[in-house]
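Read the structure below first, then the notes.
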Amino acid sequence: PYTFSEVHERVNLVWNANNTVTYEQRRTWHFVPELSKGTLDDQVTNLNVITLNAAHFLRNTYPLLRPLINIFLKTDGSLLWKNKPVRELLFEGVKDPLLDLLKTINSTSLNIPFDKFGWFVGRNLSDTFDGTFTMRTGADGLESMGFLTQWNGS
Numbered sequence: 014p015y016t017f018s019e020v021h022e023r024v025n026l027v028w029n030a031n032n033t034v035t036y037e038q039r040r041t042w043h044f045v046p047e048l049s050k051g052t053l054d055d056q057v058t059n060l061n062v063i064t065l066n067a068a069h070f071l072r073n074t075y076p077l078l079r080p081l082i083n084i085f086l087k088t089d090g091s092l093l094w095k096n097k098p099v100r101e102l103l104f105e106g107v108k109d110p111l112l113d114l115l116k117t118i119n120s121t122s123l124n125i126p127f128d129k130f131g132w133f134v135g136r137n138l139s140d141t142f143d144g145t146f147t148m149r150t151g152a153d154g155l156e157s158m159g160f161l162t163q164w165n166g167s
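The sequence shown begins at 14 in the numbering used here and counts up one residue at a time.
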């Protein structure tokens, strides 16, 4: 019910001597209200991805905690579902106390690169999220034009 336009722009172009071009891709999403059935302020129910991932991590990393995690999840079923505005779930992100707690755990197996959860948090208008691409320009032959030679340097 929510329609967005998506624009891809190649930015930070570097033309290389080996007939390739290196660039990053900026994606921009714009909400299109006239094609949508709701607004970004609509409340929607979504799985609480933070709780589910935390439970999965703890079960696999600390098996002795499995019974405690099960009790915790069963006592408050609402922990598995969150009602939030569309704008927060997609782009702005949702603050979660469990996420804040998990970020304080000093664990090499737990790497949380963000402060909020959202399906597209950090992606809208980002030059770096999709990585760095290197493609053939076709200067050495049209058959090679557009051929991806590297992504993120390899």
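Cβ coordinates follow ideal geometry from the N, Cα and C atoms, glycine included.
Every value quoted in this text rests on a predicted model; they were computed, and no experiment measured them.
Count the other C-beta atoms from every protein chain shown that fall within 10 angstroms of the C-beta of residue i, then say buried if there are 16 or more, exposed otherwise.
i, result
"Ile63", "buried"
"Asn96", "exposed"
If distances are taken between C-alpha atoms only, which option among the options comes closest to residue i?
i, options, result
"Gln38", "Leu155, Val134, Gly144, Lys50", "Gly144"
"Glu101", "Arg136, Pro76, Phe130", "Phe130"
"Asn25", "Ala68, Thr35, Phe17", "Thr35"
"Gly51", "His69, Arg72, Gly154, Tyr15", "Tyr15"
"Trp28", "Trp164, Arg136, Thr150", "Thr150"
"Ser157", "Gly166, Asn165, Thr147", "Thr147"
"Leu65", "Asp109, Leu77, Ser167", "Asp109"
"Leu111", "Ala67, Arg72, Gly166", "Ala67"
"His69", "Leu115, Leu155, Gly154, Ser18", "Leu115"
"Gly106", "Trp94, Trp132, Ile84, Thr117", "Trp132"
Using the Cα positions of residue i and residue j, report the straight-line distance between them to the nearest angstrom.
i, j, result
"Asn124", "Thr58", "26 angstroms"
"Pro80", "Ala30", "60 angstroms"
"Phe127", "Pro46", "29 angstroms"
"Leu138", "Glu22", "10 angstroms"
Under the assumption that residue i contacts residue j (Cβ atoms under 8 angstroms), give the Cβ distance between them as a whole number of angstroms.
i, j, result
"Asp55", "Val99", "5 angstroms"
"Thr41", "Thr162", "That pair is no contact at about 26 angstroms."
"Phe104", "Val134", "7 angstroms"
"Asn73", "Leu92", "The pair is not a contact, with the Cβ atoms about 19 angstroms apart (cut-off 8 angstroms)."
Since residue i sits in a beta bridge, which residues does DSSP pair it with?
i, result
"Phe44", "Phe17"
"Val57", "Lys97"
"Val107", "Phe130"
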